[in-house]
Amino acid sequence: MDASMNEDWQDNARMIVESARAVVPADGALSRVRKARFNGLGFDPKVMQQAAELGWPLMWIGEEAGGLGLGLRETCALMEVLGRGLVPEPVLSTMMAGALLQEALPETVMTGEAVILTAWQDATGALTWQGGAEAGHLTGPKVNLRGAAGADLFAIVTGAGLAIVPRSAEGLTIETAETLDGGTMDRLHMTGVAADFLPCTQVDTVLQDATLAHSAYLLGLADRALEITLDYLRVRKQFDRPIGSFQALQHRATEMKIQLELTRAAIAATARRFDTGADVATRAAGAARCKLRAADLAMLVSREAVQMHGAMGITDEADIGLFVRKAMTEANLFGSPRQQRRLLATRLDQEEAA
Amino acid sequence: MTTLPDYNAMSDAEFRQTVRAFVETNYPDIPRYSLSRLHWDEVKPWYMVLSENGWICPTWPRDHGGMGLNAGKHLILIEEFERYGAARVNDIGPVMLGPLLLKHGTEAQKAHFLPRILSGEDVWAQGYSEPGAGSDLAAVRCEAVLDGGEWVINGQKTWCTLGMDANWIFILARTDKTVKKQAGISFLLVPMDARGVTIRNIENLELEAEFCEVFFDDVRVPADHIVGRINDGWSVAKALLGHERVFIGAPRLSAAALSRLKRIAQHSGIWDDPVFRDRYVALQCDVLDLSDLFETYVDRLRDGREIGADVAMLKIFQSELYQRISELMMQVAEEDAGLRHAPEDVRQLHAAATYLSARPTTIFGGSTEIMRNVLAKAVLDLPA
Ligand SMILES: Cc1cc2nc3c(=O)[nH]c(=O)nc-3n(C[C@H](O)[C@H](O)[C@H](O)COP(=O)(O)OP(=O)(O)OC[C@H]3O[C@@H](n4cnc5c(N)ncnc54)[C@H](O)[C@@H]3O)c2cc1C
């Protein structure tokens with residue numbers, strides 16, 4: 541990799557982070573996010589429109605296919621900002637659809653007229669995506685989508701290929717459950733849904749990319765939660781001193797910072813490897829390692845943030861609570877820490893054999 | 002009032018049977034095993050059943066309308082209620098104010114207030130904390146000034162648990178600003194419907210209005226609505242009953258959470274997973290060892306021995322253990338960890354509900370950090 545390429549990605553990342561300001565206010569205000577909670581969708585369709593105008597669904601579509609052709613370093617930079625702002629819109633799911641479909645991504649999605657979400661997961665607590673197709677039709681569940689009611693189209697990942705179906709497709713029903721962060725977690729039930737299957741060899745790669753990108757979102761979430769907490773430690777006084785002057789709290793704040801920087805370094809290095817041609821095994825391990833630490837980080841920081849805020853941390857009024865509930869909702873998506881450790885454990889023998 | 006049997010004279014087994022039969026027979030048609038607190042309009046039928054049977058104030062002496070239970074019997078009562086999943090009633094009157102009045106109240110105060118707690122006519126809230134006075138409780142600024150035979154109260158209290166259900170609140174008020182912080186505080190009793198009292202509900206992390214702020218704007222109460230002497234409120238408030246200081250560290254919350262964890266693991270098919278078992282067994286040992294430590298304190302209570310500052314160890318370990326169990330629950334719940342409500346058939350296995358309800362246990366009743374500070378100084382004798 542030469543120096544100019546290096547600068548390229550940094551310029552692109554800067555630009556895309558800059559563009560995210562349209563969605564994430566620079567002052568960290570969360571009033572928009574708060575308002576979008578529990579509205580049935582859990583997000584604002586207008587912001588999805590904005591995301592399309594900014595070209596985010598085209599992030600992972602090659603330039604030759606009319607996309608932005610950006611890599612994981614740029615993506616992670618964006619996702620981190622979205623995480624800091626607790627952005628609830630299912631941007632990542634749309635990016636995945638673009639990556640899977642490339643030039644087959646419907647025009648209406650590019651223009652922002654339609655929202656497409658990716659449905660890949662076969663079952664809770666598993667990372668398999670090969671189900672869902674039977675005798676040339678879509679049949680079976682796809683689980684843990686977010687905000688499915690806001691989708692016009694689904695990109696359904698199956699072992700038989702990729703299918704684009706409208707939300708209103710015959711034989712498709714959606715079971716919705718509210719999530720802690722004010723959004724939804726949805727399950728698609730498909731019974732003999734007619735579909736054309738497009739061949740797709742990219743699924744594992746795209747899932748690894750998405751897992752890494754989601755880790756960056758959790759990193760951003762934790763980073764901002766720690767910032768808010770450090771501010772609180774500086775201003776909240778008890779016993780005539782800022783509570784941040786108590787060593788018991790200082791040491792735990794330090795521990796959070798160490799975990800945060802480990803996560804940041806792991807994600808940056810993994811994204812670089814992804815962008816510069818890592819092999820399949822390296823990618824799988826890298827995504828798992830980042831997701832594992834980022835999920836643990838988001839849970840640790842949000843938990844400690846509550847404790848350090850005292851009773852204030854137990855309220856819904858204080859913004860820190862939004863981070864707690866978001867971390868609880870997102871930490872186990874794309875494979876919980878348990879799943880990631882299991883995945884890494886199965887690789888130990890392969891490493892040994894190699 | 003009908004005279005109750007002398008429960009302390011029963012064998013533990015017999016008393017346990019009595020309690021079990023009581024709750025099974027008398028528990029009204031209200032929710033069981035609720036992780037969040039029920040409000041007065043919901044839980045009142047249970048309070049009234051307890052009241053009518055003379056069971057609402059288990060630790061109060063029998064001649065004051067209590068059951069007169071000793072520590073061992075009281076523990077059995079709590080255990081059996083929890084086993085059945087009986088809802089916790091608005092118990093600040095029975096648990097905090099009653100014992101405090103028995104110790105520091107005038108005869109007139111006891112005669113007036115105790116029966117009203119027993120009957121459920123009065124529901125009390127605790128008004129200690131303020132925005133600026135949490136861990137540093139002695140920093141309270143809510144002020145009371147004597148004027149024409151009345152206290153005139155101005156200021157604010159906050160985090161009052163179920164304060165919106167209460168018709169009375171006891172507060173710590175600043176009555177002398179010229180002396181050392183602890184020496185200028187008085188313990189006052191204020192009706193919530195007094196002119197100048199307003200409340201604002203606060204939603205908690207579970208999005209329920211379980212506590213509230215209370216504002217006092219030139220609120221006037223008679224001069225005799227004080228417990229203890231003027232400026233002696235700090236020592237009045239500090240004297241929490243020995244039982245309660247021990248029972249707050251009881252292993253039951255953790256034990257109940259552990260059994261939910263087990264059922265979540267069975268439900269999700271990982272109960273046999275050796276990795277899970279490794280972590281489960283470690284937590285199980287923590288629960289069992291905490292139970293043994295807890296028993297040593299119950300023995301001390303039974304023998305009438307003093308309970309010292311070291312009792313804080315129980316609360317620290319119990320609350321943090323409860324949290325650690327809830328953290329593992331969140332992990333094994335996989336993606337379902339993010340659900341706001343558990344599916345109907347597994348409602349009790351809702352990891353997030355346990356996780357969220359475990360958060361405040363290390364904050365209220367003396368935060369874990371403050372308790373560790375106390376232990377370090379009072380028990381380990383480390384320098385300031
Ligand atoms: C669910 C709930 C119910 C409650 N109900 C009531 C009620 O009914 N009535 C009532 O009066 N109050 C109630 N409280 C308030 C409770 O007593 C206070 O939350 C508690 O005293 C802590 O004060 P704080 O919230 O202001 O936190 P702070 O004192 O501001 O503490 C913030 C953080 O700093 C830490 N800290 C503070 N001082 C030190 C130190 N010296 N060394 C190390 N760390 C330190 C704390 O441990 C905490 O982590 C309730 C609280 C909760 C959460």
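Chains Y and G, in that order, are what the protein sequence lines are. All residue numbers for the first sequence refer to our numbering, where the first residue is 541 and numbers rise by one. All residue numbers for the second sequence refer to our numbering, where the first residue is 2 and numbers rise by one. Where is the CB? At the ideal position from N, CA and C, for every residue including glycine. Computed from a prediction, not measured in an experiment: that's the story for all the values here.
Query	Result
For residue 772 of chain Y, verify whether its CB is less than 6 Å away from any heavy atom of ligand 1.	no
So the candidates are Y:738, Y:804 and Y:634; which of them puts its Cα closest to the Cα of residue 658 of chain Y?	Y:634
So, for residue 806 of chain Y: in the same chain, excluding its five sequence neighbours on each side, which residues have a beta-carbon less than 7 Å away from its beta-carbon?	829, 830 and 833
Could you round the C-beta distance between residue 578 of chain Y and residue 690 of chain Y to whole angstroms and report it? I think they count as a contact, below 8 Å.	Their Cβ separation, rounded to whole angstroms, is 14 Å, which puts residue 578 of chain Y and residue 690 of chain Y out of contact at 8 Å.
Is the closest heavy atom of ligand 1 to the C-beta of residue 361 of chain G under 6 Å?	yes
Could you check the C-alpha separation between residue 68 of chain G and residue 48 of chain G for me, to the nearest Å?	15 Å
Within this structure, are the beta carbons of residue 323 of chain G and residue 255 of chain G separated by less than 7 Å?	yes
For residue 263 of chain G and residue 272 of chain G, what's the separation of their Cα atoms in angstroms?	7 Å
Given that a residue counts as buried once 16 or more other Cβ atoms are within 10 Å of its Cβ, and exposed if not, what is residue 202 of chain G?	exposed
Determine, using beta carbons only, whether residue 854 of chain Y comes closer than 7 Å to chain G.	yes
What I want to know is whether the C-beta of residue 193 of chain G ends up closer than 6 Å to one or more non-hydrogen atoms of ligand 1.	no
Check whether the Cβ of residue 755 of chain Y lies closer than 6 Å to any heavy atom of ligand 1, and answer yes or no.	no
Do residue 198 of chain G and residue 220 of chain G have their C-beta atoms within less than 7 Å of each other?	yes
Output needed in chain order: residues of the segment 704-721 of chain Y with a Cβ under 9 Å from some Cβ in chain G.	717, 718, 719, 720 and 721
Beta-carbon within less than 8 Å of residue 298 of chain G's beta-carbon, same chain only, minus the 5 sequence neighbours each way: which residues are those?	247, 250, 308, 312 and 315
So what does DSSP say about residue 38 of chain G, is it helix, strand or coil?	coil
So residue 844 of chain Y and residue 796 of chain Y are supposed to be a Cβ contact under 8 Å. How far apart are they, rounded?	6 Å
If the cut is a Cβ gap below 7 Å, which residues of chain G does residue 730 of chain Y touch?	Simply none; closest approach about 19 Å.
For residue 156 of chain G, which of helix, strand or coil comes out of DSSP?	strand
Grab the span of the beta strand (DSSP E) containing residue 91 of chain G for me, first residue to last.	Careful: residue 91 of chain G lies outside any beta strand (DSSP E) and carries neither H nor E.
Quick one: residues in its chain with C-beta nearer than 7 Å to the C-beta of residue 383 of chain G, no 5 flanking neighbours on either side, listed in chain order?	377
Leaving out five residues before and five after residue 72 of chain G in sequence, what residues of the same chain have Cβ atoms less than 7 Å from its Cβ?	244, 299, 302 and 303
If you follow the alpha helix (DSSP H) that residue 634 of chain Y is in, where does it begin and where does it stop?	631-641
Relative to the C-alpha of residue 681 of chain Y, which candidate in Y:670, Y:675 and Y:687 has its C-alpha closest?	Y:670
Against chain Y, does residue 235 of chain G count as a neighbour if the rule is that its beta carbon must be under 7 Å from one of theirs?	no
Among the residues of its own chain, which have a CB less than 8 Å from the CB of residue 66 of chain G, if the five just before and after it don't count?	2, 55, 58, 115, 116 and 119
So residue 571 of chain Y is in the alpha helix (DSSP H); what residue range does that whole segment cover?	571-575
Within the continuous beta strand (DSSP E) that includes residue 210 of chain G, where are the two ends?	210-223
Quick one: which residues of the segment 868-879 of chain Y get their C-beta closer than 8 Å to a C-beta of chain G? List them in chain order.	868, 869, 870, 871, 872, 873, 876, 877, 878 and 879
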